[in-house]
Amino acid sequence: MTPATVSDPRSDLAHAYERALQHLRGVQAKKGAVGGEVIWNPMLVCQYVIACHVLGRPIAPVRRQRIRLALERQVRDDGGWGMHPDSESWLFHTTLGYVALRLLDYPPDDPLAAGALRWIRAHGGVTKNPTWGRIWLALLGLYPWQCVQPILPEMWLLPDAAPVHPRRLYCHMRLIYLGLSYLYGARVQAPDSPVLRAIRDELYDGGYDRAPFRAHRDDIAATDLYEAPGAGLRAAFAAMRALDRVAPGLVRKKALARAIEHVLFELRSTGHVCLSPVNGLLFNLALHHHDPRHPEQDLAFRGLEYWFWEDDVDGARICGARSDIWDTSFLLQALCEGPTSPVGQVLGRDAAAWLATAQIRGDIPGGAEHYREPADGGWGFADERHPWPVSDCTAEALEALIHCADHRLAEPLPRERQLAAIRFVLRRQNEDGGFGSYEPRRGSLVLKHFNPAEIYGNCMLEYSYTECTASCVRGLALARTRLGDAVPPGLLADVDAAIERGVAFLLGAQHPDGGWLGFWGINFTYGSFFAVHALLAAGLPRHHPAIRRAVAWLVRRQRPDGGWGESFEGLLDGRDVQLPPHEPSLVAQTAWAVLTLMAAETGEEAPAIERAIAYLQSRQQPDGSWPRERASGVFFNTAVLDYDLYRQIFPAWALARRLGRAAE
């Protein structure tokens, strides 16, 4: 009788890790980057369709079909579209979906279009669209500009010292409202046409001329409203409407010229890809109105292709962001903790070689007068084509390359480039000790109460974020250790002070139950992953009370299947909301949790760690990947994002750390 074969857990774990690396090698780009799609909703591709109509640019038949396919893949059972893959239908997105389908020549009785129109009518019609929805309708003559909340281009003529100058806003909001202010100030509108008249009749079954636009000027559909305008903002809107009626034509002309000056700088300084596809679309419309024959019009339009993901499975999508630098930095850190592997060596060397080339060298000419922070030494979120550097991306990339040099996956980054990265990170620290993302906070916190984007929260200003602060503290601590005496004394003192202040911020931000609230990911699991690693890197011992509270909270939140799973619903009001018990745990969140437990392990957490690792192994597919699941990324409270590679890189990192610890 042949004895039963006993499986070797370490061998199984090593095999799972190797398969994960094989999968990641398969998605690695030729240049070395590893970046996944950041999946959001069909809003942007629908706005692309509208923009093409206004610009008079035809959409190729294949892309038209793929846009419809994307809408078909993302439609809800009720016929509408929502803010993110797990949300209910929203009026904003459903209206855009309907209009886009009709502009693509799909008839009103097309199943997708008919379902969307039924949803719109069942929810009170389009007059209660949020402001951004009204603007896209107004561009087509489907909503009166005078009933859109005012966005005055004259704001760009204010003195830089003015507390309400747009330069004080968070950069994404600043540039979106730059584009919107031009479109509003110029009342940009496509020529009327039979298809627009037909859409107008379909959207307003009681007649466009009789629609209650003015009565609903301050109303937003309940499906879409996250942050209602307060009394102060409503008063500001009333004042701006009055100013809009009496503003001299010469002042408006000067304001539009100033806005276009900023638009052209942003287009040119980014190689025409812009900070995001949102402002890219708006800038295309503004530039076309300013000068339909402008020599950069074609370059600006081609820049939109940077944001497309397109295939015959999920259709044509425009992602809200690209994440090559971010994803690659985490992958390299994971590889440096795992066992040596031929696949891992090739994967790591190619990725590290590319990542080093993506660092920004030198500041952007003319940046200061266009409200750009110094960029030298930074890394962005996206790739080498996207010169908008970010604090935590820089810290994570710097840490990744330091580790790669330690493990002989890359040559050490030159000392002067490491010092430039350190200086870049230091410039993003706020007065409270926390770190912003693209910039330090510039405006008063009072501005957060004047949010005109009703569908998002916490979008007016840069804040001090747990995750950004943690990444910066960790990256600075590692660079300080590795560079040692190579750091000039004055800079070293600045680094020490920044780390101390960052640690104090993190300790103060910990919630009483032990977790840290995330801003860019779901939710306490994500924030705690960053915070605990940062505190340990800064020198706090594993038995520090803050770390023990975090570990205890994580252990309490482990689910019966061995994993972790928080719901996006907790983002809406800062609560810890778990997934329903019948839903499986999420591999990305499980990886964040078990990486944190392993970093802070004292021995008591061993059973929880083993259960989590077993859960990750059980969810891995034969090709080495992990299956699609609920999204785990987010921004501005409501905009949940599915980072395609989060569920591949972070579980692989957890396996790598487990194998690395076992070999010690």
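Here full-length UniProt numbering is used: the sequence shown runs in plain steps of one and ends on residue 664. Beta carbons are placed, not taken as given, at the ideal position from N, Cα and C, and that holds for glycine. Computed from a prediction, not measured in an experiment: that's the story for all the values here.
Let me check understanding here. Comparing Cα to Cα, which of the options lies closest to residue i?
i      : options                           : result
Gln429 : Lys254, Asp392 and Tyr17          : Asp392
Arg619 : Met43, Ala16 and Ser11            : Ala16
Ala593 : Thr525, Phe636, Glu629 and Leu616 : Thr525
Val273 : Glu296, Glu261 and Glu416         : Glu296
Ile50  : His262, Ala358 and Val99          : Val99
Tyr465 : Trp516, Phe237 and Leu117         : Trp516
Asp350 : Pro107, Ala368, Val34 and Leu117  : Val34
Lys31  : Leu595, Val634 and Trp354         : Trp354
Gly26  : Pro627, Leu347, Asp494 and Glu411 : Leu347
Ile151 : Gly207, His294, Ala242 and Leu595 : Ala242
Which class does residue i belong to by DSSP, given the choice of helix, strand or coil?
i      : result
Pro277 : helix
Asp209 : helix
Pro163 : coil
Ile39  : strand
Tyr371 : coil
Glu418 : This sequence places Gln at residue 418; Glu is not what is there. Looking at Gln418 - three-state DSSP - the assignment turns out to be helix.
Gln429 : strand
Gly521 : strand
Leu616 : helix
Leu586 : strand
His182 : The question names His, but residue 182 is Tyr in the sequence shown. The answer is helix: DSSP assigns Tyr182 an H, G or I state.
Asp105 : coil
Val148 : coil
Glu261 : helix
Asp192 : coil
Gln28  : coil
Thr270 : coil
Distance, Cα to Cα, residue i vs residue j?
i           : j      : result
Gly490      : Glu462 : 27 Å
Thr131      : Ser276 : 19 Å
Val6        : Ala421 : Caution applies to Val6, whose pLDDT of 42 falls short of 50 and renders its modelled position unreliable; the model cannot decide the point.
Val313      : Arg68  : 12 Å
Leu335      : Glu72  : 38 Å
Val45       : Ala60  : 14 Å
Trp553      : Arg187 : 53 Å
Arg658      : Glu629 : 23 Å
Gln74       : Val640 : 14 Å
Gly133      : Met155 : 22 Å
Ile499      : Arg76  : 47 Å
Ala286      : Ala113 : 29 Å
Asp224      : Asp110 : 25 Å
Phe92       : Asp644 : 25 Å
Pro163      : Val343 : 54 Å
Leu401      : Gly377 : 14 Å
Ser567      : Ala259 : 40 Å
residue 667 : Gln47  : Any question about residue 667 goes unanswered here, given that the chain covers just 1 to 664.
Ala397      : Pro541 : 25 Å
Gly660      : Ala608 : 18 Å
Leu483      : Trp309 : 40 Å
So what does residue i bridge to, in DSSP terms?
i           : result
Phe635      : Ala639
Phe308      : Ile318
Gly380      : Pro389
Tyr465      : Phe435
Glu566      : Gln578
residue 708 : Because the chain is modelled from 1 through 664, residue 708 falls outside the range shown and cannot be assessed.
Taking 7 Å as the cut-off, decide whether the C-beta atoms of residue i and residue j are in contact.
i           : j      : result
His53       : Leu103 : yes
Ser444      : Ala395 : no
Ser632      : Gln648 : no
Leu178      : Gly141 : no
Thr590      : Ala606 : no
Ser585      : Gly565 : yes
Ala375      : Asp363 : yes
residue 665 : Val263 : There is no way to answer for residue 665, as the model of the chain reaches only from 1 to 664.
Ile325      : Gly366 : no
residue 692 : Trp81  : Limits of the chain in this structure are 1 at one end and 664 at the other, which puts residue 692 out of reach.
Ala29       : Ala316 : no
Leu157      : Ala255 : yes
Gly562      : Ala614 : yes
Ala600      : Ile522 : no
Val148      : Leu203 : no
Ile176      : Asn279 : yes
Gly56       : Gly115 : no
Pro123      : Phe265 : Residue 123 is actually His in this sequence, not Pro. No.
Let me see if you follow: with CB-CB separation under 7 Å, is residue i close to chain B or not?
i      : result
Asp298 : The displayed structure is made up of one protein chain only, and chain B is not part of it.
Any heavy atom of the ligand NAP closer than 6 Å to the beta-carbon of residue i?
i      : result
Val278 : As for the ligand NAP, it is missing from this structure, which has no ligand bound.
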